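Q:
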Amino acid sequence: MLHNSRFIFFGTPEFAAIILKKLIDADLAPAAVVCNPDRPVGRKKIITPPPVKTRIMNYKLGIRNKIKVIQPEKLDSEFHNSLFMLHNSMPFDFFIVAAYAKILPKEIIQLPRLGAIGVHPSLLPKYRGPTPIQTAILNGEKETGATVFLMDEKVDHGPVLRNEKLEIRDEDNYGSLLKRLAELSANLLIKTLPQYLKGEIKPRPQNGSEATYTKKFTTQDAYINPEILRQVLRPRAQDREVQDGANLEGAINIERRIRALNPKPGVWTIQDGKRIKLLEAELIDGRLKLKKIQIEGKKPKGVGLS
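First residue of the sequence shown? That's 1 in full-length UniProt numbering, and the numbers climb one at a time after it.
Below you can see the structure in the form of structure tokens.
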């Protein structure tokens with residue numbers, strides 16, 4: 001039943017690309033994919049497709065040709081009309097939505113007969129919104145998870161079909177946790193979809209009183225005051241002072257930010273008038289030790305600040 005279903009996959013970034021690949025490899029290729037347009041990337045502004053489109057392009061021609069790629073700038077009337085025409089030519093059973101930055105209007109969510117199925121990298125209703133992975137790391141959570149749910153017109157709000165927990169390791173950064181959560185999400189989808197299509201799963205409403213929300217992080221959120229950084233850096237053995245509670249808290253906060261907010265917006269500070277990216281760090285005896293930095297205009301290097 002599932003393998004005969006016709007669906008559209010909505011998603012753009014690496015999280016969505018990992019899920020899409022798992023679905024295709026499980027012989028669950030979508031009829032179409034909706035993702036963001038190609039964008040200029042890097043100093044040379046090279047036009048680059050989003051990760052989801054890149055994954056499709058990496059498959060053999062036979063698979064690529066079966067998946068229609070749609071890249072609207074806006075979900076405007078032109079997009080609505082093209083989607084409705086596509087649906088009318090051969091109706092879709094459901095949509096899958098994973099990290100698609102645009103909010104789908106109600107008329108699109110309700111277009112397929114089984115609705116739109118969302119995948120979110122948190123244990124909903126906790127950490128609704130755009131940055132659940134980063135926020136879990138910043139808050140020092142010991143576990144997070146993935147949720148498969150039925151979408152409605154509100155963000156990450158609809159009834160839950162299934163969720164599953166995942167331990168957050170001490171060394172996890174945004175990239176490593178994203179990959180693990182994407183793989184968990186894909187497996188959860190593959191396990192949940194057949195049961196949902198057969199009517200074996202009863203959707204469970206979210207408890208709104210337990211909902212928490214995340215925000216988009218800015219460059220300013222990733223700025224580290226150089227004086228605070230100096231206080232929490234691991235000193236040379238002969239200069240080591242007794243660590244106080246404030247410095248310990250500051251060291252933990254900065255280490256979490258380095259793990260959560262790289263590569264975007266990118267953790268940074270100022271030293272000698274130059275902008276320095278703080279790429280990797282660790283905590284040793286309550287002190288922060290920088291492992292990799294990048295001075296403005298230079299390549300990353302494994303040398304700490306002192």
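Heads up, the beta-carbon is just placed ideally off N, CA and C, and yes, glycines get one too. No experiment lies behind these values; they were computed from the predicted model shown.
Identify whether V155 lies in helix, strand or coil by the three-state DSSP scheme.
A: Note: V155 maps to coil in three-state DSSP.
Q: What are the residues that DSSP puts in a beta bridge with N163?
A: Its beta-bridge partners are T147.
Q: Considering Cα atoms alone, identify which of A146, A136 and T135 is closest to I19.
A: Taking only the C-alpha atoms, the option nearest I19 is A146.
Q: Between I8, K215, P13 and R287, which lies nearest to L138 when the distance is taken from Cα to Cα?
A: Taking only the C-alpha atoms, the option nearest L138 is K215.
Q: Where does M85 land, buried or exposed, given buried means 16+ other C-beta within 10 angstroms?
A: When all chains shown are included, M85 counts as exposed.
Q: By DSSP's criteria, L283 is part of a beta bridge. Which residues make up the other side?
A: Paired residues: L288.
Q: Are the Cβ atoms of K277 and N262 separated by less than 9 Å?
A: It is a contact, given that the beta carbons lie within the stated cut-off.
Q: Using a Cβ-Cβ cutoff of less than 6 Å, which residues in the same chain neighbour T269 once the five nearest sequence positions on both sides are dropped?
A: Taken in chain order, the residues that qualify are I224, P226, L229 and I276.
Q: Any idea if N163 is buried or exposed, counting beta-carbon neighbours within 10 angstroms, 16 or more meaning buried?
A: Buried, since its Cβ has 16 or more Cβ neighbours within 10 Å.
Q: Which whole-angstrom value is the C-beta distance of L181 and T144, which I expect to be below 8 Å?
A: About 7 Å; that satisfies the 8 Å criterion.
Q: Within 10 angstroms of its Cβ, does V242 collect 16 or more other Cβ (buried), or is it exposed?
A: The pLDDT assigned to V242 is 48, lower than 50, so where the model puts this residue is not dependable; a value taken from the coordinates is nonetheless given after this. That one is exposed.
Q: Going by beta carbon distance, what residues of the same chain come within less than 8 Å of D239, once the five residues before and after it are set aside?
A: In this prediction, D239 scores a pLDDT of 47, lower than 50, which makes its location untrustworthy; the coordinate-derived value is nonetheless stated afterwards. Cβ within range, chain order: n/a, list empty.
Q: So is R259 buried or exposed if we call it buried at 16+ other beta carbons inside 10 Å?
A: So R259 ends up on the buried side.
Q: In angstroms with no decimal places, state the Cα-to-Cα distance between S176 and I56.
A: So the alpha carbons of these two residues sit roughly 22 Å apart.
Q: For N173, collect the residues of the same chain with a Cβ closer than 6 Å to its Cβ; drop the 5 residues on either side in sequence, then sort them by chain order.
A: Closer than 6 Å at the Cβ level, and outside the excluded window around N173, lie R259.
Q: Three-state secondary structure (DSSP) at S306?
A: Confidence at S306 is low in this model, with a pLDDT of 44, below 50, so its placement is unreliable and no value can be given for it.
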